[in-house]
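There are 2 protein chains.
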Amino acid sequence: MGTQPHTDQPSVRDLLRLPVGGPADLAALPTDTTPGFDGGKAEEKEREKKERKERAAAGTAALGRRLARLQERLYAAGTAGDRRRLLLVLQGMDTSGKGGTVKHVVGHFNPAGCRIRAFKAPTEAERAHHFLWRVDRSLPRAGEVGIFDRSHYEDVLVPRVHGLVPEPVWQRRYREINAWEQMLADDGVTFVKVFLHIGFDEQRERLLARLDRPRKHWKFSPDDLTERARWPDYQEAYAAALGHCSSAAAPWYVVPADRKWYRNWAVSRLLLETLEQLDPQYPSGTFDAERTRARLLAE
Amino acid sequence: MGTQPHTDQPSVRDLLRLPVGGPADLAALPTDTTPGFDGGKAEEKEREKKERKERAAAGTAALGRRLARLQERLYAAGTAGDRRRLLLVLQGMDTSGKGGTVKHVVGHFNPAGCRIRAFKAPTEAERAHHFLWRVDRSLPRAGEVGIFDRSHYEDVLVPRVHGLVPEPVWQRRYREINAWEQMLADDGVTFVKVFLHIGFDEQRERLLARLDRPRKHWKFSPDDLTERARWPDYQEAYAAALGHCSSAAAPWYVVPADRKWYRNWAVSRLLLETLEQLDPQYPSGTFDAERTRARLLAE
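Have a look at this one:
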């Protein structure tokens, strides 16, 4: 099953997939590289950079058209009993580009077939339930592409860093997440879990850029600096979460995200490779097309 | 309040808005015209047609960028207590282009700020509630753009045409809809209710086109012909619904929809004029930007 049209190109899933088992060594993974993107070797560095950026933008647009066609097939198959659906999970530190990825990458899809949910700090009603409850209610239906801007992984990050729940509780959550994701994968959910990996210095630049533009102030909260001060704790919490929960059924991909164009290109490719492997098919009609045509023409 | 940047162009809202009160005379409203679209007067009909189409596509793309900027302002304002939100309601006969409008027009927006819902025949759980229940649960939150592909108006169309409920029930529903929409308008919902008006012959062409392409068969159901046979009844039911429920708080717009490019352009314009009048503003930050910048630079 699955088409294999990219024999000339390396699989970005293979390049970015976190190995299963063992903690993730995030510090060893660069945030400013562009794995799998064939930008060629130009002589002038600046020129190369500019050209690569333009090619990436054009490449992402071309990927977008292919993604849109595959999404339509997934959606069409879903109307005829195919239970499969896709779930893109986006995690990353503040300013890592989760919102930008939704806007640019998901912007290629037909919005009617997408189920997008941004998870913020849980509400009082949500906290009265198990942490997976609110996530469960936001899952894509058959044929849909779900997009989580933050997710259930927040519940093994923030509580751990800030000591909001006892250690046995967040330790238990890794197992609960793995069991829950396995159950959904068995039911037809294909996970594309993406960690947008940015560097400490890059985050500073992005926060400063937000401060420089009053129109971006609404995206900024002084709390962002409080969280930034806990950077090493968050990296440790991420390393543990990604390591414990990168399973065969639902692997994590680590996308170097200091460059926005590469981030968009890489996430587009991850989705494309995944959808091509799923290879959803248009259902055949359950009616007699010739007879129906005759009926219309005989009106 | 509201910017007025279109003094040179007629308001498409004014051109397409259905008058308040009295039944709608749908038969008198053409489905193949392009009100408000200044396509100029070329000598050759074919050439004019092609050019107009190209200009419209380019125009819709330009409108799209302006729509995206206004949507971001609406969303940003919503994060700071502005309760306003937009609700696009799409109604029309089969093949009138509701899905295409969502794909093309809503595709300009940041999907993260959209709440899209397609209403199909009510499920058993939905039928166990008042007909407005399922619609209520799908409303946009503050700052969002809601999009309904079909809506509560189905409940004054299908039951009336097929006699599923007694006349006093569907008669009562017009009043219930008006009261409900008024309540929401008072709470900050701006309605853009659009009837995509296609002709009987145009529907035949579109159904035949679907039959000609096996990849489109999943969009087709033999039931579509059964409903088409009730065309006059549906036109009557639409005329009553649009007439009874075109209020000052939530007017109906009738968009001639035989031409897809005009439909996309007109709906884009309706949304643009509406958002420009709402004129949402970026909130100012509630923090000291200078001090925050200093804190970041002193790390």
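Protein sequence lines correspond, in order, to chains A and B.
For the first sequence, counting from 1, position 259 maps to 259 in full-length UniProt numbering; every step adds exactly one.
For the second sequence, counting from 1, position 229 maps to 229 in full-length UniProt numbering; every step adds exactly one.
Glycine included, each C-beta is placed from N, C-alpha and C at the ideal position.
Bear in mind that the values here come from a model prediction, so they are computed numbers and not experimental data.
The alpha helix (DSSP H) spanning W133 of chain A covers which residue range? W133 to D136
Going by Cα to Cα distance, which pick from B:K53, B:H129 and B:A289 is closest to residue 309 of chain A? A question about residue 309 of chain A goes unanswered here, because the residues of chain A that appear run from 1 up to 299.
Can you list, in chain order, the residues of its chain with a C-beta nearer than 6 Å to that of L70 of chain A? Leave out the 5 residues immediately preceding and following it. L275
For the region 162-178 of chain A against the region 59-73 of chain A, are there 3 or more C-beta pairs whose distance is under 8 Å? no
Between G243 of chain B and R85 of chain A, what straight-line distance do the alpha-carbon atoms span, to the nearest angstrom? 41 Å
Determine the direct distance from the alpha carbon of R65 of chain A to that of Y174 of chain A, and round the result to whole angstroms. 36 Å
Is N178 of chain A close to chain B, meaning its C-beta is less than 8 Å from at least one C-beta of that chain? no
Return the first residue and the last residue of the beta strand (DSSP E) that A249 of chain B is part of. Run containing A249 of chain B: none; DSSP gives neither H nor E here.
Are any of the Cβ atoms in chain A nearer than 8 Å to that of V102 of chain B? yes
Compute the distance between the beta-carbons of P256 of chain A and D94 of chain A, then report whether it is under 8 Å. no
Using a beta-carbon distance cut-off of less than 9 Å, what residues from the region 145-179 of chain B approach chain A? I147 and D149
Listing by chain order, which chain A residues have their CB less than 9 Å from the CB of P214 of chain B? Y282, S284, G285 and A289
Please name the residues in the region 96-120 of chain B whose beta-carbon is closer than 8 Å to at least one beta-carbon of chain A, in chain order. G99, V102, K103, V106, G107, F109, N110, P111, A112, C114, I116 and A118
Please confirm whether A76 of chain B has its beta-carbon closer than 8 Å to some beta-carbon of chain A. yes
Where D279 of chain B and Y75 of chain B are concerned, what is the direct C-alpha to C-alpha distance, given to the nearest angstrom? 12 Å
In this structure, how does DSSP classify P168 of chain A when only helix, strand and coil are distinguished? helix
Whose Cβ in chain B lies nearer than 9 Å to the Cβ of L225 of chain A? T292, R295 and L296
Endpoints, the alpha helix (DSSP H) within which L270 of chain A is located: K260 to L278
For W261 of chain A, which of A:V145, A:T79 and A:K103 has the nearest alpha-carbon? A:K103
Which residues mark the beginning and the end of the beta strand (DSSP E) in which T190 of chain B is found? V189 to H197
Buried or exposed (CB count within 10 angstroms, at least 16 for buried), A42 of chain A: With a pLDDT of only 49 at A42 of chain A, under 50, the local geometry of the prediction cannot be trusted, and no value is derived from it.
Can you name the residues that DSSP bridges to P30 of chain A? None, per the DSSP bridge assignment.
Identify the residues that DSSP records as bridge partners of G146 of chain A: which are they? A:L87 and A:R115
Once you ignore the five residues that flank N178 of chain A on each side, which residues in its own chain have a CB closer than 7 Å to its CB? C245 and S247
How would you list, in chain order, the residues of chain A whose beta-carbon sits under 9 Å from the beta-carbon of A80 of chain B? W218
Looking at the strands, I want to know which residues DSSP matches up with G92 of chain B. B:L196
Per-residue contacts from L208 of chain A into chain B (C-beta, under 8 Å): R293, L296 and L297
Assign R213 of chain B to one of three DSSP states: helix, strand, or coil. coil
What does R204 of chain B touch in chain A if you count any residue whose Cβ is under 8 Å from its own? L296 and E299
Examine the Cβ distances between the region 101-121 of chain B and the region 111-126 of chain A and report whether three or more of them are shorter than 8 Å. yes
Does the ligand GTP have even one heavy atom less than 7 Å from the beta-carbon of S151 of chain B? With respect to small molecules bound, the structure shown includes none, and the ligand GTP cannot be examined in it.
Cβ-based burial, H129 of chain B [other Cβ within 10 Å; buried from 16]: exposed
Beta-ladder partner(s) of P256 of chain B, from DSSP: B:H197
Reference Y238 of chain B, options B:A27, B:S11 and B:L16, closest by Cα: B:A27
Chain B contact residues for P222 of chain A, given Cβ-Cβ distances below 8 Å: F287 and T292
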